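Asks:
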Amino acid sequence: MIRFENVVKRFGDNTVLDDLNFEVAKGERVTLIGPSGSGKTTILRLVMTLEDLTDGYIYIDGQPFTYEPRGGRRVRQKQKDINKVSTKIGMVFQQFNLFPNMTVVENIVEAPIHVLGRGKEEAHARARELLELVGLSDKVDAHPTRLSGGQQQRVAIARALAMDPEILLLDEVTSALDPELVGEVLGVLRDVASSTDITMLIVTHEMQFAQEVSDRVMMFDHGRIIEDGEPGALFSAPREQRTRDFLQAVL
Ligand SMILES: Nc1ncnc2c1ncn2[C@@H]1O[C@H](COP(=O)(O)OP(=O)(O)OP(=O)(O)O)[C@@H](O)[C@H]1O
Ligand SMILES: [Mg+2]
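Just so it is clear: in the sequence shown, position 78 is 78 by full-length UniProt numbering, and no numbers are missing.
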């Protein structure tokens, strides 16, 4: 579903990802862990096309995405073609990024109506279903500023799901929350994971959650995968000293 092939990302002369290769299968849930600055957010932002690839290729569903090899050269795709694939990909950020001037339901129907061309009624009906899924049926017409952080983040999850993504990217979605609000957001994500077959790429420091929902964990350091395995094995018996040190620090 997602494949990185010889991916390089530089910011100026800082090489953040150097010849990165990995693959995430359709429906797979993969958690990225690793120290601050190891490139986790950059990977998600590349998939979301919020950053430009310096070199290499990303494949989505077997097709090159953003850049493609053509006649021995690496060519940027037309924005129209990139956008078509982008609608399959949703992301939830640490800082919820809701539109503050819109109500909860307006936040959720905005992209389905304006990007996918869904009808108003259909979009609103789906939004109400999703608000029920995230436990916020009573907040349809509320303004985000009146909601707790956990509630805002649940709206952000509903908003991402409203696009019917095939891929969902989650970047430390509970890190900005007060500890007592973390559980409600993780609970919603557990429901999403168990009730859909959305492919997920997750960055989190919640190791218990990572262990429950992920099929695989990739440990990054300096933009490289230093260990990759099934979560039970990787958390209980890491092969690499660097992974052991990292887990010791976060647990
Ligand atoms: N827009 C940017 N401009 C310049 N450098 C950047 C930019 N975004 C990220 N970087 C650099 O890329 C490296 C990787 O950053 P990234 O945010 O991907 O790390 P991370 O693993 O998500 O870290 P954290 O756990 O702190 O979120 C860092 O050295 C960072 O300073
Ligand atoms: Mg990050």
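For every residue, glycine included, the Cβ atom is placed at its ideal position computed from N, Cα and C.
Quick caveat, the model's predicted, so the values are computed rather than measured.
1. Which value, in whole angstroms, describes the spacing of the CA atoms of residue 263 and V213?
2. Go through its chain and collect everything with a Cβ distance to R239's Cβ below 7 Å, but skip five positions before and after it.
3. What residues come near ligand 2, if near means a beta carbon less than 7 Å from any of its heavy atoms?
4. Alpha helix (DSSP H) containing Q151: first to last residue?
5. Which class does L181 belong to by DSSP, given the choice of helix, strand or coil?
6. Kindly indicate which three-state DSSP category M91 falls into: helix, strand or coil?
7. Going by Cα to Cα distance, which pick from L186, Q63 and R76 is closest to L53?
8. How many whole angstroms separate the CB atoms of M207 and V140, which I take to be in contact at a CB cut-off of 8 Å?
9. Please report the straight-line C-alpha distance between D138 and E122, rounded to a whole angstrom.
10. Roughly how many whole angstroms lie between the Cα atoms of Q152 and T31?
11. Taking the continuous alpha helix (DSSP H) assigned at I108, which residues delimit it?
12. Do F11 and ligand 1 come close, with the Cβ less than 6 Å from some heavy atom?
Replies: Per the coordinate set shown:
1. This structure leaves residue 263 out entirely; the chain is present only between 1 and 251.
2. Its chain contains E227 as the residues whose beta carbon lies nearer than 7 Å to that of R239, once the 5 sequence neighbours on both sides are disregarded; these appear in chain order.
3. The set, ordered by position in the chain, is K40, T41, D171, E172 and V203.
4. For Q151, the enclosing alpha helix (DSSP H) begins and ends at G149 to L161.
5. Here L181 sits in helix by DSSP.
6. Strand at M91.
7. L53 has its Cα closest to that of R76, out of L186, Q63 and R76.
8. Contact doesn't hold; Cβ gap of about 35 Å is too wide.
9. Cα to Cα, the separation comes out at about 19 Å.
10. A direct Cα-Cα distance of roughly 23 Å separates Q152 from T31.
11. Start and end: V104 to H114.
12. The answer is yes for F11.
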